[in-house]
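Some notes on the structure that comes next.
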Amino acid sequence: MPDGAAGSPPPSPSATGEISQAEQDLARLLFTLAQGRHEGRDALSLARLAKRSALPMSDLLRYLGVLGEAGWVEVEDGERGLRLARLTDTGLAQYDSLV
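Residue numbering for the sequence shown follows this note's numbering, beginning at 6 and increasing consecutively.
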């Protein structure tokens, strides 16, 4: 397809000044983890995190992988086979810079 054709991808979010859905989801995930931390929960189960952030588990796992690679989140195996997600100090500082 030639450039500018009807089937070409839309302009990038940075070009339009809009925030992509993925960026909104990542911000919501950081918010949910930070909120849990401020409530005294050092870590949240993935099931609780998916419910609180209103993200499907598949999206949650993908985003946790991205945030984990950035060093903002740690995922670990907890008691009774639960997987837990924890906001790192770096992740909390990043969240604080966004609000």
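Heads up, the beta-carbon is just placed ideally off N, CA and C, and yes, glycines get one too.
Let me confirm a value: residue i is counted as buried when at least 16 other C-beta atoms fall within 10 Å, else exposed. Which label applies?
i           : result
residue 104 : exposed
residue 45  : exposed
residue 70  : exposed
residue 27  : exposed
Straight-line CA distance for residue i to residue j?
i           : j          : result
residue 80  : residue 88 : 7 Å
residue 76  : residue 93 : 7 Å
residue 55  : residue 85 : 18 Å
residue 102 : residue 38 : 15 Å
residue 74  : residue 57 : 22 Å
residue 51  : residue 25 : 23 Å
residue 47  : residue 63 : 23 Å
residue 40  : residue 95 : 15 Å
residue 66  : residue 43 : 22 Å
Could you name the residues that DSSP lists as bridge partners for residue i?
i          : result
residue 78 : 92
residue 49 : 90
I'd like to check one pair, residue j with residue i: are the Cβ atoms closer than 8 Å?
i          : j          : result
residue 30 : residue 72 : no
residue 49 : residue 90 : yes
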